[in-house]
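Chains as they are written, first to last, in the working numbering: chain U, 1 to 346; chain X, 1 to 510; chain A, 1 to 308; chain C, 1 to 350.
Heads up, the beta-carbon is just placed ideally off N, CA and C, and yes, glycines get one too.
Keep in mind that this is a model prediction, so the values were computed, not measured.
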């Protein structure tokens, strides 16, 4: 059987060519039908303007801003409302102004204002979830990017460490830390952060391992760029949106994990209060006082959804290759939220 | 008679049915009539008879699978005959028991004095490390002797007026039982024999046809376990179970909850040798500051009783005349201020240690206590720990270096005699006592040697003395347990139901 | 592939040992189990006896050597709590978890693929918006709360399902529904995103313009592209489930490994804890390898090259 | 091009780049025969003179790209030496290495993959200077130089602010060339620089490359499987087969009188820009390229060669000089000048 000597396609793809350039690129695609974007000199300003074009993203941003403000200033405003007990006025239903605005969301099983407790819990929740996600994100991502870029032994060892952490019972870790040390906020943050590092580590490694074989990374190597410079310039900016989207999903996970720790009695301890703890403690009262668990649960759900919407939007807005989509007229705007996540989460 | 409440209906006939298939689906309507379904809060770690004083084991085993020689009537506190028909102290240290001669074990072997002697020897004198040994007997071994088939002689190292009470915790097993290792599924003389244990899922018991007493109303019993109180409650309301143990006041059991005094008392135990708790005025202030009435009425739906002492009514030594400390915040503040004026460091942080999930609403209670003590002008910090950690605070050697501690304790006197309480909680070297006084120690030791009426009044004095002169405790409440009970079952729980759930007292309601 | 498998298995052995050693050491940091297993009024002598009987009076390294010596003879020790062999307890509990996890993942993946594809066909359409909100909400509801609400509604109020337990197929519904929410929510997002990307690729547009039906485009072209990220995420989610759905197992009385682990931790039942961790760690390593293989089959780009 | 050192070096006699016996083996998953060593380069030797264009041709998988990557130090050879101006870059470290990097640059095959889509054209072109901080220190200088480079490759200064998505393939490749020129290299390795482009665009880019060479005096190693393109740009040509160079010579020598049967087959198959020499019959090779994991013994081409004899399986053919042209080398036991290149005769008979 005779075969043509030269393969007709203009695409060289040998077994030893490990460049792995994305096979999805057709050899001669015309430029994407990208309409010229207005001059994006001032990125911040235009980001803001782009945001305003998207109702959902704007709403999400407002919700998050509100949550942030409540976390920072709320506790000052509510004063001792969150701690003032009145056993004789326990479990008052919400949406009644009989006891003043402080009790508009009802009272809990000790007669404390639900509003006040939700506000105080906002700060605790955020100050557990944000640092936990942040620490895991920074450590896991940098480690994963580094391991994936260099491959070889560094990659193998890193992945096995990730395996170890992932198959380690996080509850044991929690009990140990809380036993040997104290169940302080800092320790809970630490546990949640450590156990979530592998998620970022694995995702960042996979992306980075793929990126380090890209041609533009090879190009950077031929200039003599150092690995750290290449990672900083070519790998991290591309991996970051995926990792950030992942982080917003993780933000939700961490809030839930913290509430599960509370459910098992080893999470945030009274008199500190978080949304998760409120849901956990309120579960007993589902049939007698539903608001004890529903209201903090709603806070978790709304915050999570807002964070996810904004993250999906941000992912597009920060990607020059996709940004034009946002400036299209409304009905054609393709991926407004919920874009591709290659990230792994649990 | 012993089981006066026991009613034998026509269901007796059903007991002759062969062992039904054990894969009966719960909720099966047909199952309701001949199987009593109980849901516990945890799976028994073992059913070993010599561990039956553990609540989770005893609730299944005691009086159902195995029986002791004598038993304590939970209502009257009297010791009543069971496998032994009569007993007497033949000397200061020697007791003689007359045993029944019509009893057989589930394997058909007859019960006799030898089996009883073997059991006591195995539980108390062996190296098995039985829980009952540490729980009801001291360091000294017992000398047991089977005089004849139906006569048992027990000799103690020192005089022990409550030996029969102690022996009521020893569940009799046949001599074929291993004395080398513990046995997960014991053979006993009780109305039910263990049929099957599907680890992790359920235990089924079947009525023993050769039982010496009246046959139980339900030919079969099935135990399951769920750790969530709301789920146990739900199983009653949805008809999946007939009896649910350990229901909390907000678990949603509704009308089907039956409350009973469970002999548990909650109190704050104060480290009386660490400032500022070393000042009696501060300890008194804590007693005044706790608003027990409101706690009981608001948190516990008014079913608990405000406590004045560590044991409830019905336990030998309970002092009926003792009044609970009144709630008087002003007086508390005054006492703290006085102490402060005398240089007592009342601003020192006091750690209020509680154990998560120890009893219903413990989290709520601890926050209330923290708030109320703070109102009195004390600096109180809350610390919630899990069981293992809690024990480090509860038992000697205590946690040190954590400053003054107010420990929330839940004490249950299962045995029905104040001796089991005061030796532990009130002597200056008691395993669970932080301090005491020499006079008090002497008083307690004397009380332990008394009998009958003297014993009652001696312990009454001990409790009064504690409140007046020692004040190691700030009493809160005698608790009430709630059992979930399906409408189709007649059962009246009593103070020992939590430790010893007598299936033979349960009958189908008509 | 075989070379890769062998290397992977060898390189996974060490982490396995690390996990067990770590659990061994950490568990013993949480204090002495003696007081948990002895009566409250146990004497010092009884304590000492207990420690000697359980070998807990030995130095940590000696205990560890003893343990690993036993493991090599397949003796994993006995439970302090029940006196049963620890390995038997772990092996008994594990299938319950595995069955639950596997069923949950299969249903979650199928449902997520269907919903995700449906949403992706018309980005920003009504279906898309609804599924986005529902899936995100699903992923952010605390599972224990949902479990209790589920029992309340379906077992108590409606009486359709049993509250808990493992009897009969209908007892699986609530635990699975509770467990699958988060995997489902996250996977819908992934599938939808990947599908939107895939559907906007030129070759898909070409296929569509040639008149291929939506269903065909989705199943023959786009889904294959969307599978890789979905597999990664699904794998990690499954690892989470295999490691024990503690909360769901606790509430529904499901005799699984997660519940066994938390009980063993709280009861300081070291031998059982170690056996349980070991068996889940092995399962997770196997799962990870399967994910790698699946990934390699799907996408040659990430097939690991083995370097000498 | 004011670097005096470079100028001085350029006037010496020895070749700018000398590759001797370079071998590169990859370890891969095992083949059916149990071999896991893939010999991508097997004793490659070649030279490149100043201002010269060396065309490197061969089928996909023959090792061309590996050679390019090795020359760029993206891969390290297992054996052999690479001498650039008499020194081995693989022995270099630190500043010396960085200085060498400046002299050798590369243009990649895929203009879509070789440019980071998140950067603007200006950022891409100026990226090399981030590693070479001594060049164009001020941002003003850089900007000016970027505009200059854009102009050099035929683009507008305003293009500097655009991102790669906004350009066509040809424009992107121009940006890639501008980036390669940013460091003022002496040698540019062009790995299939036009194969991803439309035919009309190909010609434009090739013309640009020729023009740049004339203007800047750079040397090219031009890798392609497209013979017509190579013929258009190359001064000399090297033909690769399964990791070895089996024939080198001037473009005329290799194209018009190939000595190795493979080169003959290759050149016969190429559509010719210049038809003046008269149509040669196309040679159709039988069989697939053997797996590089299990290359044939002796002469690697023997499995597809129509004149293979027993000796071809036993001995690796020696290097053979064409009579009268000492620089026209080939590796064949039976070079083609011993038989007549005539239509019909070369067609395999099976």
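Spatial neighbours of residue i in its chain, beta-carbon cut-off 8 Å, leaving aside the 5 residues before and after
| i | result |
| --- | --- |
| residue 283(X) | 270, 272, 277, 471, 472, 474 |
| residue 346(U) | Any reading at residue 346(U) must be qualified, since the residue scores a pLDDT of 31, below 50, and its modelled position is unreliable; the value itself is stated next. Only 199, 253 meet the Cβ criterion. |
| residue 75(X) | 314, 494, 495 |
| residue 297(A) | none |
Residue i - partner residues in DSSP beta bridges
| i | result |
| --- | --- |
| residue 236(C) | 54(C), 250(C) |
| residue 241(C) | 244(C) |
| residue 186(C) | Residue 186(C) pairs with nothing; no bridge assigned. |
| residue 411(X) | 265(X) |
| residue 155(X) | 94(X), 143(X) |
| residue 221(C) | 54(C), 189(C) |
| residue 331(C) | 319(C) |
| residue 341(X) | The partner list for residue 341(X) (beta bridge, DSSP) is empty, contrary to what the question assumes. |
| residue 110(X) | 104(X) |
| residue 223(X) | 38(X), 203(X) |
Below-9 Å beta-carbon distance, residue i vs any chain U residue
| i | result |
| --- | --- |
| residue 302(A) | Any reading at residue 302(A) needs caution, since the residue's pLDDT is 39, under 50, leaving its predicted position unreliable; the model's value is listed next. By this cut-off, residue 302(A) is an interface position. |
| residue 251(X) | yes |
| residue 110(C) | yes |
| residue 136(A) | yes |
| residue 247(A) | yes |
| residue 248(X) | yes |
| residue 410(X) | no |
| residue 68(A) | no |
9 Å Cβ cutoff, residue i in contact with chain C
| i | result |
| --- | --- |
| residue 215(U) | yes |
| residue 234(U) | yes |
Residue i Cβ short of 8 Å to the ligand SAM heavy atom set
| i | result |
| --- | --- |
| residue 15(A) | Of the ligands one can find in the structure shown there are none, so the ligand SAM has no counterpart to examine. |
Cβ separation of residue i and residue j, assumed to be a contact under 8 Å, to the nearest whole Å
| i | j | result |
| --- | --- | --- |
| residue 67(X) | residue 189(X) | 5 Å |
| residue 100(C) | residue 92(C) | 6 Å |
| residue 163(X) | residue 95(X) | 5 Å |
Chain A within 9 Å of residue i, Cβ atoms only
| i | result |
| --- | --- |
| residue 242(X) | no |
| residue 436(X) | no |
Under 7 Å by beta carbon: chain E residues contacting residue i
| i | result |
| --- | --- |
| residue 128(C) | Any reference to chain E falls outside this structure, whose protein chains are U, X, A and C. |
Min CB distance residue i to chain X below 9 Å
| i | result |
| --- | --- |
| residue 242(A) | no |
| residue 82(U) | no |
| residue 258(A) | no |
| residue 33(A) | yes |
| residue 117(U) | no |
Beta-carbon contacts of residue i that lie in its chain and below 6 Å, excluding the five residues immediately before and after
| i | result |
| --- | --- |
| residue 93(U) | 106 |
| residue 37(X) | 222, 241, 242 |
| residue 304(U) | 252 |
| residue 104(X) | 110, 210 |
Cβ neighbours of residue i in the same chain (closer than 7 Å, five flanking residues each side left out)
| i | result |
| --- | --- |
| residue 177(U) | 187, 190, 191 |
| residue 111(A) | 184 |
| residue 171(C) | 155 |
- Item | Whole alpha helix (DSSP H) elements within the region 432-494 of chain X, 4-residue minimum | 438-449, 452-465
- Query: Which runs of the alpha helix (DSSP H), 4 residues or longer, sit entirely within the region 59-136 of chain A?
  - Reply: 60-72, 86-121
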